[in-house]
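Note that the sequence shown covers residues 1 to 558 in the UniProt record's numbering.
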Amino acid sequence: IIPDENYEDFLNLVNAPKQVIQEFVGKYSMPFYVDFLKFIMCHIIQIWKLDYDFAMTNINQHHTIKPYEPERVVDKLVAIFKQLIFRPPWPMIMSHSRNDKDHMHLLKRFIYEIDWGAERPPAIVLQQSPSMNVPRSEQQSLDKYPWFYNRQDNQSLTDKLLTKSLTINDGDYYVRFSTEASVSAPFTLVVQLDGQQRFIKICMNKLGQYGFSLGSCFFQTIQELIDYYSQNSLSKHFPILKSDMKLSKPIRRDIFLAHIKNDELDNYAVVLSNINDQNLLRIALIELTNKYNEIERECTSLKTELDQIITYMSEIQRSTMAYGRIQMIYEKQMKLNRDNFLLCQKQTEKNEYERSFKYLEQRVEQFVNNMKRLNETYTERQLKRDQLSKTLDERKNDIISYETKIAMCMKLLADKGVEQHEINNFLGLPTDEPWYLPTINREMAHKLLKICVEGTFLIRTSSNGLYALTLVHNGIIYDCRIGRDPTQNYAFRFVASYIDKNGQPTTMNDNNSGYCDRSFYSLKELVDFYTKNSLAENNPELNICLTVPIKMHVNIKI
Numbered sequence: 001i002i003p004d005e006n007y008e009d010f011l012n013l014v015n016a017p018k019q020v021i022q023e024f025v026g027k028y029s030m031p032f033y034v035d036f037l038k039f040i041m042c043h044i045i046q047i048w049k050l051d052y053d054f055a056m057t058n059i060n061q062h063h064t065i066k067p068y069e070p071e072r073v074v075d076k077l078v079a080i081f082k083q084l085i086f087r088p089p090w091p092m093i094m095s096h097s098r099n100d101k102d103h104m105h106l107l108k109r110f111i112y113e114i115d116w117g118a119e120r121p122p123a124i125v126l127q128q129s130p131s132m133n134v135p136r137s138e139q140q141s142l143d144k145y146p147w148f149y150n151r152q153d154n155q156s157l158t159d160k161l162l163t164k165s166l167t168i169n170d171g172d173y174y175v176r177f178s179t180e181a182s183v184s185a186p187f188t189l190v191v192q193l194d195g196q197q198r199f200i201k202i203c204m205n206k207l208g209q210y211g212f213s214l215g216s217c218f219f220q221t222i223q224e225l226i227d228y229y230s231q232n233s234l235s236k237h238f239p240i241l242k243s244d245m246k247l248s249k250p251i252r253r254d255i256f257l258a259h260i261k262n263d264e265l266d267n268y269a270v271v272l273s274n275i276n277d278q279n280l281l282r283i284a285l286i287e288l289t290n291k292y293n294e295i296e297r298e299c300t301s302l303k304t305e306l307d308q309i310i311t312y313m314s315e316i317q318r319s320t321m322a323y324g325r326i327q328m329i330y331e332k333q334m335k336l337n338r339d340n341f342l343l344c345q346k347q348t349e350k351n352e353y354e355r356s357f358k359y360l361e362q363r364v365e366q367f368v369n370n371m372k373r374l375n376e377t378y379t380e381r382q383l384k385r386d387q388l389s390k391t392l393d394e395r396k397n398d399i400i401s402y403e404t405k406i407a408m409c410m411k412l413l414a415d416k417g418v419e420q421h422e423i424n425n426f427l428g429l430p431t432d433e434p435w436y437l438p439t440i441n442r443e444m445a446h447k448l449l450k451i452c453v454e455g456t457f458l459i460r461t462s463s464n465g466l467y468a469l470t471l472v473h474n475g476i477i478y479d480c481r482i483g484r485d486p487t488q489n490y491a492f493r494f495v496a497s498y499i500d501k502n503g504q505p506t507t508m509n510d511n512n513s514g515y516c517d518r519s520f521y522s523l524k525e526l527v528d529f530y531t532k533n534s535l536a537e538n539n540p541e542l543n544i545c546l547t548v549p550i551k552m553h554v555n556i557k558i
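Written out as structure tokens, the structure reads:
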């Protein structure tokens with residue numbers, strides 16, 4: 001699976017920190033091989049998970065206390081798959097046995113530590129081989145070090161530094177991933193000097209030791225390197241720096257991220273606390289909820305699109321592999337034709353072999369061109385997949401932020417004496433009402449009302465984020481849309497159209513303003529009004545009052 005030209009790069013990952021392996025695999029220059037590797041690793045982990053589930057079932061059934069031993073199955077899987085994944089280039093094939101322990105150790109780390117998107121059994125600590133002589137702590141997450149920033153956090157820090165809103169002094173430092181994924185120089189030390197950032201590459205050798213060049217990797221951990229240059233000058237290696245330039249204090253990631261999040265939320269809390277009008281607070285809560293719902297719908301759409309791209313990429317992989325297999329068959333036939341051409345004596349036979357060879361050659365060229373186009377498409381889809389994944393992660397963070405803001409706003413309303421059922425009403429969540437069924441769609445609503453009597457009704461959430469009143473009149477089921485008018489403090493108003501019996505939108509009373517005239521503070525107010533007054537003021541065809549809530553119908557069980 002690992003191409004010959006990348007064998008050494010992967011072998012150098014044996015003692016690298018987990019993040020370096022994850023980073024290198026994630027930004028590997030040959031996406032097809034990485035996705036194939038991911039497929040194999042997910043398969044291995046799934047077998048391990050099945051073995052674990054089976055073992056746990058037996059333990060529970062027989063009430064034994066024998067601990068589960070993951071090595072029992074993982075060692076077998078490693079023995080089976082190591083030769084499939086790791087093989088030296090042919091000129092180095094004799095090193096296969098010499099590197100066998102490294103192959104096994106790296107594959108175990110792939111299984112135990114790296115995120116391939118597959119569910120594992122409960123996490124265990126990978127035991128470090130005594131022959132590796134690398135501190136076990138370095139195998140753990142780099143996130144525990146306050147000076148380390150992953151790519152996302154580093155971008156936030158860079159943006160903050162550009163605005164000059166974060167004060168740092170000469171000698172302050174942090175460590176991040178290198179701009180380009182590299183096994184030999186995976187990290188960059190960023191040091192402040194004379195108001196500017198200086199970037200120093202941190203190299204790593206095969207033993208997992210660190211230094212500023214591959215020839216001077218003497219430190220077992222990055223923390224040891226930092227400790228040394230906190231006491232000794234960096235100018236020995238970098239004359240451009242001051243003669244006494246030492247590492248001062250880290251730009252702590254935990255404090256920085258907490259400041260960013262707290263600054264935003266604190267600012268919003270101050271804004272809310274200055275609002276004394278309950279009506280304005282209700283509007284703020286509605287706007288927050290609308291934005292939250294909008295982002296949630298966007299996340300659903302992004303997830304669907306992401307799944308479609310991943311499926312399409314899998315299809316491209318299968319097609320590429322099929323073309324590759326066919327190409328191999330044709331190339332073998334070409335070689336056979338060439339051999340027969342050299343052996344035969346008759347010119348007519350030679351001409352036949354020559355024609356056959358040219359045909360096969362053209363077909364192989366077609367296969368190569370097809371695979372090239374597939375690889376180009378695959379790369380495009382991979383870029384799109386990565387962009388969607390990044391956007392989806394950002395939207396999930398936005399959802400968390402809006403959840404916090406909504407909670408702030410609801411608490412402030414509660415402190416002002418507004419009860420929860422009132423909040424639910426103006427949010428459009430009358431959960432206790434007998435006519436409210438938020439989770440059903442139009443088809444389900446029509447199915448429920450099909451057997452109901454005149455005037456039976458329900459209110460549901462429509463597919464476009466609005467609400468819909470669905471009711472029975474003269475044996476016909478009508479759908480009337482209800483919106484929230486932002487120009488009227490988000491009051492509930494009938495949208496100036498309805499869905500007729502043929503499923504077509506129809507304008508109410510030739511109204512072109514978007515909403516009908518009457519507005520309501522809550523859905524409950526709307527229902528209460530039209531329980532006593534006819535809906536004909538909005539639509540002449542609906543000369544009827546709302547009479548029977550769906551949950552009160554004797555023949556309906558919900």
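Think of the CB as a built atom: it goes at the ideal place given N, C-alpha and C, for glycine as much as any other residue.
For residue 86, there is no enclosing beta strand (DSSP E), since its DSSP letter is neither H nor E. Judged by their CB atoms, residue 552 and residue 438 are not nearer to each other than the 9 Å cut-off. One alpha carbon belongs to residue 345, the other to residue 92, and they sit about 41 Å apart. The beta carbon of residue 405 sits closer than 7 Å to those of 268, 288, all from its chain and outside the five residues before and after it, given in chain order. Per DSSP, residue 322 lies in no beta strand (DSSP E) segment; the continuous alpha helix (DSSP H) that holds it begins and ends at 278-343. Per DSSP, residue 406 lies in no beta strand (DSSP E) segment; the continuous alpha helix (DSSP H) that holds it begins and ends at 347-415.
Residue 90 counts as exposed, since fewer than 16 other C-beta atoms from the protein chains shown sit within 10 angstroms of its C-beta. Among the bridge pairs identified by DSSP, residue 461 is matched with 467.
For the pair of segments examined, the stretch 191-200 was found to touch the stretch 170-177: the number of CB pairs separated by less than 8 Å reaches three. A direct Cα-to-Cα measurement between residue 71 and residue 298 gives close to 43 Å.
Between the beta-carbon of residue 249 and that of residue 234 there is about 15 Å, and that puts the pair past the 8 Å contact cut. By the Cβ test, the stretch 484-496 is not in contact with the stretch 450-464, since fewer than three Cβ pairs between them sit closer than 8 Å. Under the three-state reduction of DSSP, residue 516 is assigned to coil, being neither helix nor strand.
For residue 484, no alpha helix (DSSP H) segment is defined; the enclosing uninterrupted segment is the beta strand (DSSP E) at 476-485. Among the bridge pairs identified by DSSP, residue 204 is matched with 210. In this structure, DSSP gives residue 149 an extended state, which the three-state scheme calls strand.
Residue range 523-532 is occupied by the alpha helix (DSSP H) that includes residue 531. C-alpha of residue 371 to C-alpha of residue 318: approximately 11 Å in a straight line.
The criterion of a C-beta distance shorter than 9 Å is satisfied by residue 320 and residue 374. Assigned with DSSP and collapsed to three states, residue 43 falls in helix. As DSSP reads the structure, residue 189 sits in a beta bridge with 175, 200. Taking 9 Å as the cut-off, the Cβ atoms of residue 402 and residue 329 do not count as close. With 16 or more neighbouring CB atoms inside 10 Å of its own CB, residue 481 falls in the buried class. With fewer than 16 neighbouring CB atoms inside 10 Å of its own CB, residue 115 falls in the exposed class.
Beta-bridge partners assigned by DSSP to residue 491: 485.
Of all alpha-carbon atoms in 422, 86, 108, 101, the one lying nearest the alpha-carbon of residue 1 is that of 86. Shown here for residue 529: same chain residues with a beta carbon closer than 8 Å to its own, the five before and five after excluded, namely 518, 520 in chain order. Counting only residues of its own chain and dropping the five nearest sequence neighbours on each side, residue 252 has a CB closer than 6 Å to the CB of 146.
In this structure, the CA atom of residue 112 is about 15 Å from the CA atom of residue 25.
The shortest CA-to-CA distance from residue 544 to any of 490, 524, 476 is the one to 476. Per DSSP, reduced to three states, the secondary structure at residue 456 is strand. Burial check for residue 102: the Cβ neighbour count within 10 Å reaches 16 or more, so the residue is buried. In the three-state DSSP reduction, residue 33 falls in the helix class (H, G or I). Straight through space, the alpha carbons of residue 33 and residue 3 are spaced by roughly 8 Å. In the DSSP assignment, residue 473 forms a beta bridge with 476. Put simply, the backbone Cα of residue 230 is about 42 Å away from that of residue 45.
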